[in-house]
Amino acid sequence: MSLLTTVMEHSLDDGYAEAARARGAEGSSRLPSTAKGRLVLGLGLALAAVVVTVGAVSTHAAAPVLAKERDALVSRVNDANKAADELQRQVEADRDKVERAQDAALQSGDDSGAEQLAARTGTGAITGPGIKLVIDDASGSGSGGNVSDPRNTGSYGKDGRVKDHDLQYAVNGLWLAGAEAVSVNGQRLTALSAIRAAGDAILVDNRPLVPPYTVLAIGDGPRLAQAFQDNEGGRYLKIIQESYGIRSTVSTQKSLTLPAALGVTLRVAGPEASAEPSGSPSPSASGSGSALPTAPPSGAVSGSPSGAPSKSTRSTATKSTSTSTSTGTGAATP
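Residue numbers (full-length UniProt numbering): 1 to 334.
This is the structure we're talking about:
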């Protein structure tokens, strides 16, 4: 008890108290009291003032030189931008010449062969009736609970956001239903197109898209809509809507205009093979955007017979649909 009482009554050590009293007796000034100390302090202050002054003068003297260098750099950037713009205009002019030469070479009578070929392969715009498919994220988190849930894997999460695999299923379902041309948010799909993901973003031909995702397909509107809703693509959208609340609507359109695809380069081409009785795809080009299958790509959408792919088939479908969207979805007129 005596120790506790001492600690409570003398919380400050006696040594600290004596040091404080001694400092108070000497005074609170920290300036040197001797002549030598004051001289050293004065010299230090003078040296600091000289250093600051020299630095300010040097900066002021170098300012015009830095300004000239900056102006020269800006001028070089502007000249490079002008040169790039001029090259772009030259590329566009050369592209127009190539297109006119193709039209002249493929023209037969009154038939515009080049235009038809461009529309079929995706390198040219196309107009006609079709359907409009809008896919959007869920307004809230889905509840799940479907035993045949095709998204019941750890890699796809439990949220109600549209994934790249969902768009792949929808697009391949449209090709399977007989679509002649397809675009996603204005991006035309060809035989070289790919639908992939980069983090949470969906990329179509390396261009990021934002929801809602508007998929346009050219074809016989009523027949195309019914065939899509009855095949694996339409049933897949119904399943993820019930499981996650992902919204999708299909409507027929009397007239749709799909733009031309960008950045498609023809590398290797050959004569189109004759159609076989089996209707199996027989591309006429290797590694180019001019492959013209006689039927929608077989195996583009893989799933169980009930239209609700199981876990194992979904894992397989992830690979097959990624491949098909880059090598088999470009068929225009089946």
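Backbone N, C-alpha and C define an ideal beta-carbon position, used for all residues, glycine too. Just so you know, these numbers come straight off a predicted model, no measurement behind them.
Out of curiosity, what's the CA-to-CA distance linking residue i and residue j?
| i | j | result |
| --- | --- | --- |
| ALA170 | SER75 | 50 Å |
| residue 358 | GLY15 | With the chain represented from 1 up to 334, any question about residue 358 goes unanswered, as that position is not in the structure. |
| LEU117 | LEU133 | 26 Å |
| ASN185 | LEU66 | 47 Å |
| ILE246 | ALA101 | 47 Å |
| ALA61 | VAL54 | 11 Å |
| SER2 | ALA46 | 59 Å |
| SER143 | ILE131 | Only weak support exists for where SER143 lies, its pLDDT of 39 falling under 50; the coordinates are left without a value. |
| GLU86 | LYS254 | 41 Å |
| ALA115 | ARG95 | According to the sequence as given, residue 115 is Glu; it is not Ala. Using only the alpha carbons, I get a separation of about 15 Å. |
| PRO222 | ARG188 | 22 Å |
| SER280 | ALA273 | Because the pLDDT at SER280 is just 36, under 50, the model does not fix this residue reliably, and the point stays unresolved. |
| GLU92 | ALA179 | 31 Å |
| LEU262 | ALA181 | 15 Å |
| VAL51 | ALA20 | 38 Å |
| PRO208 | THR59 | 46 Å |
| GLN88 | GLU99 | 16 Å |
| ASP13 | ALA56 | 51 Å |
| HIS165 | ARG196 | 8 Å |
| ASP103 | LYS97 | 10 Å |
| ALA198 | ALA48 | 55 Å |
| GLY42 | LEU31 | 11 Å |
| ALA248 | THR190 | Checking the sequence shown, residue 248 turns out to be Ser, not Ala. Cα to Cα, the separation comes out at about 23 Å. |
| ILE202 | THR252 | 25 Å |
Kindly give me the distance between the Cβ atoms of residue i and residue j, rounded to whole angstroms, as I take these residues to be in contact under 8 Å.
| i | j | result |
| --- | --- | --- |
| ILE135 | PRO64 | About 60 Å separates the two Cβ atoms, so there is no contact after all. |
| PRO259 | ALA125 | 5 Å |
| GLY172 | GLY233 | One detail in the question is off: residue 172 reads as Asn in this sequence, not Gly. Yes, they are in contact, since the Cβ atoms of ASN172 and GLY233 sit about 6 Å apart, within 8 Å. |
| GLU227 | VAL250 | For the sequence presented, residue 227 should be read as Ala rather than Glu. 11 Å between Cβ atoms; not a contact. |
| LEU174 | VAL215 | 7 Å |
Check each candidate in the options and name the one with the smallest Cα separation from residue i.
| i | options | result |
| --- | --- | --- |
| GLN229 | VAL98, ARG267, ALA260, LEU176 | LEU176 |
| ASN206 | SER251, GLU232, ALA194 | ALA194 |
| VAL264 | SER243, LEU192, ARG223, SER255 | LEU192 |
| residue 339 | THR214, ASP137, ASP96 | Residue 339 cannot be examined here, being either before or after the span of the chain that is shown, 1 to 334. |
| ALA217 | THR257, GLN241, LYS238 | THR257 |
| GLU242 | LEU203, VAL268, GLY160 | GLY160 |
Taking the continuous beta strand (DSSP E) assigned at residue i, which residues delimit it?
| i | result |
| --- | --- |
| SER33 | Careful: SER33 lies outside any beta strand (DSSP E) and carries neither H nor E. |
| PRO208 | 207-209 |
| ILE218 | 213-218 |
| VAL250 | 247-258 |
| LEU203 | 201-204 |
| ARG267 | Careful: ARG267 lies outside any beta strand (DSSP E) and carries neither H nor E. |
| ALA194 | No beta strand (DSSP E) contains ALA194, which DSSP labels as neither H nor E. |
Kindly indicate the opening and closing residues of the alpha helix (DSSP H) around residue i.
| i | result |
| --- | --- |
| THR5 | 2-9 |
| ARG223 | 221-230 |
Q | beta strand (DSSP E) runs wholly inside the segment 159-185, at least 3 long, in chain order | A | 181-184
Q) Considering only residues of the segment 67-143, which uninterrupted beta strand (DSSP E) runs meet the minimum length of 3 residues and lie entirely inside it, listed in chain order? A) 126-136
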